[in-house]
Amino acid sequence: MIGERDVLVIHDERMLAHRPNAEEPFQPGKLDSRVQAILGGLFEGAVIKWSYPEHPGRLQAITDLLMREPVPGVRYETGRPATEDQLGRVHITSYVENIYALRGKQAWLDVDTTAVSPGSVAAAEVAAGSAIAAVEAVMEGRAGSAFALCRPPGHHADSVRARGFCLFNNVAVAAAHAQAELGCERVLIIDWDVHHGNGTQDIFWASPNVLFFDTHRAAPFYPGSGNKEEIGVGLGEGLTVNVPLPAGCGDPTLVRAYREILVPAVEWFKPDLILVSAGFDMHRLDLCMNLSYSGFGALTGIVQELADKHCGGRLAMVLEGGYHLESLARGVRTVLEVLAGGDPPEIEEPGISDVVSLADFHRDAFR
Ligand SMILES: [Zn+2]
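Counting in this note's numbering, the sequence shown runs from 1440 upward without gaps.
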């Protein structure tokens, strides 16, 4: 029953101060004329003006829905900024310093659209710190499970580079913190964002203690990585598990991938903490894939069952992408319902229940 289980949501308004603007100039002093030409081409003569899709309205849509339709069992805490040491576990020092140097400034960071505004660095510190807070809450037993409403997102940022709207890799910072400070040895990171979590993969590429499982739309879709042959190296060989999928996949496909690929991997790995890079851009309203809310609920049910079985229920989710405000907010709410003890929804081939009711509607016409 919804409300049976305790769920902590980490939400912090400081993350609303990240307001990237697509019309800002490229990073001052590091202007590359070729980059500027590419960016110029994006906007010049465009019929529809491109606006930055990763904006504060995303978090507002989620919290507005949760205020209007509260989920029993869910409580809230604010986050806190991650420290330089905490960020430094997964990012090189010079990268962290470069980001710190942008405090209070407006700039583009990378050709693939990561921009900062004056509040962005502080927001990114709080995003990473909120992921840490979620992990601490479940590791210390203060919460049954936790969901950090992070932005900017994190899974495209690798140890040296901001990419794809991401500055610090929130989920990686949280995993490294759990290992360094919270007595956690083996961490499973699941990434169900529609884009491959290239940054997370890169950071733990050779780690023997992090299993990374990622379902995503196959390359050449952004960021172009995540082929099945990418399995990690050295001590981490075999611990990166990529499941690249064609466009248009729906609930049954994803659930099958989780049951047939993730579950046996987890039975073998036996994690003591599960983290989820929870993006909501696989929802059909986000146009790449065909997941419904039931699909997100079903995946949550599988992950929660694994957490209950292997790690005393210790499960923390970290928000990644999701750009259609309605499906983002409703998707998060669906996941929270299952985390709070709701039964995972039944799934079906997309459209089947529509056909059943349409058949009822048309039945009498041809009698
Ligand atoms: Zn995404």
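Virtual Cβ for every residue (Gly too), placed ideally from N, Cα, C.
- When the beta-carbon positions are compared, Pro1685 and Ala1704 stay at least 8 Å from each other.
- Taken from the Cβ of Glu1759, at least one heavy atom of ligand 1 lies inside 7 Å.
- The DSSP-derived three-state label of Ser1731 is coil.
- At a Cβ-Cβ threshold of 8 Å, Met1728 and Val1794 do not count as neighbours.
- Going by C-alpha positions, Tyr1534 is about 30 Å away from Asp1711.
- Scanning the region 1549–1582 for uninterrupted alpha helix (DSSP H) segments of 4 residues or longer gives 1559–1578, listed from N- to C-terminal end.
- Cβ-Cβ distances below 6 Å link Ser1559 to His1457 in the same chain, with the five nearest sequence neighbours on each side left out; the list follows chain order.
- The beta carbon of Leu1621 sits closer than 6 Å to those of Met1578, all from its chain and outside the five residues before and after it, given in chain order.
- Measuring C-alpha to C-alpha distances from Ile1700 to each of Leu1726, Ala1521, Leu1738, Tyr1491 identifies Leu1738 as the nearest.
- Every alpha helix (DSSP H) of 4 residues or more that sits fully in the region 1583–1646 is shown, in chain order, as 1609–1620, 1637–1642.
- With a beta-carbon spacing of about 5 Å, Val1565 and Met1454 fall inside the 8 Å limit used to define contacts.
- Boundaries cannot be given for Ala1658, as no beta strand (DSSP E) includes it and DSSP labels it neither H nor E.
- Contact between the region 1537–1554 and the region 1580–1589 is absent: fewer than 3 CB-CB pairs across the two stretches fall below 8 Å.
- Nearest to Ala1563 by alpha-carbon distance, out of Trp1707, His1749, Leu1526, is Leu1526.
- When beta bridges are read from the DSSP output, Asn1681 appears opposite Asp1653.
- In the same chain as Tyr1515, and ignoring 5 residues on each side of it, the C-beta atoms closer than 6 Å to its own belong to Val1448, His1450, in chain order.
- At the C-beta level, Thr1553 and Leu1606 come within 8 Å of one another.
- The region 1596–1606 and the region 1783–1792 do not touch, with fewer than 3 CB-CB distances between them shorter than 8 Å.
- Relative to the non-hydrogen atoms of ligand 1, the Cβ of His1634 comes within a distance shorter than 7 Å of at least one.
- If you draw a straight line from the Cα of Asn1609 to the Cα of Ile1642, it is about 12 Å long.
- Not one heavy atom of ligand 1 is found less than 7 Å from the C-beta of Gly1770.
- A direct Cα-to-Cα measurement between Ala1613 and Ala1567 gives close to 7 Å.
- Assigned with DSSP and collapsed to three states, Tyr1491 falls in coil, not helix or strand.
- Every beta strand (DSSP E) of 3 residues or more that sits fully in the region 1740–1802 is shown, in chain order, as 1754–1758.
- Using a cutoff of 7 Å, the CB of Asp1597 does not count as near ligand 1, since none of the ligand's heavy atoms is closer than that.
- With fewer than 16 other Cβ atoms from the protein chains shown falling within 10 Å of its own Cβ, Asp1503 counts as exposed.
- Taken atom to atom, the span from the alpha-carbon of Ala1755 to that of Ala1500 is near 21 Å.
- By DSSP's assignment, Gly1689 forms a beta bridge with Asn1729.
- Shortest gap from the CB of Asp1720 to any heavy atom of ligand 1: under 7 Å.
- Leu1714 and Phe1800 have their C-alpha atoms spaced approximately 44 Å apart.
- Ranking Phe1708, Leu1674, Gly1734 by CA distance to the CA of Leu1693 puts Gly1734 first.
- Excluding the 5 residues flanking it on each side, Ile1741 has same chain C-beta neighbours closer than 6 Å at Tyr1697, in chain order.
- Of the residues Leu1588, Pro1592, Val1599, Ser1646, the one whose Cα lies closest to the Cα of Ala1615 is Ser1646.
- Counted as a single uninterrupted DSSP element, the alpha helix (DSSP H) harbouring Ser1533 occupies residues 1532–1539.
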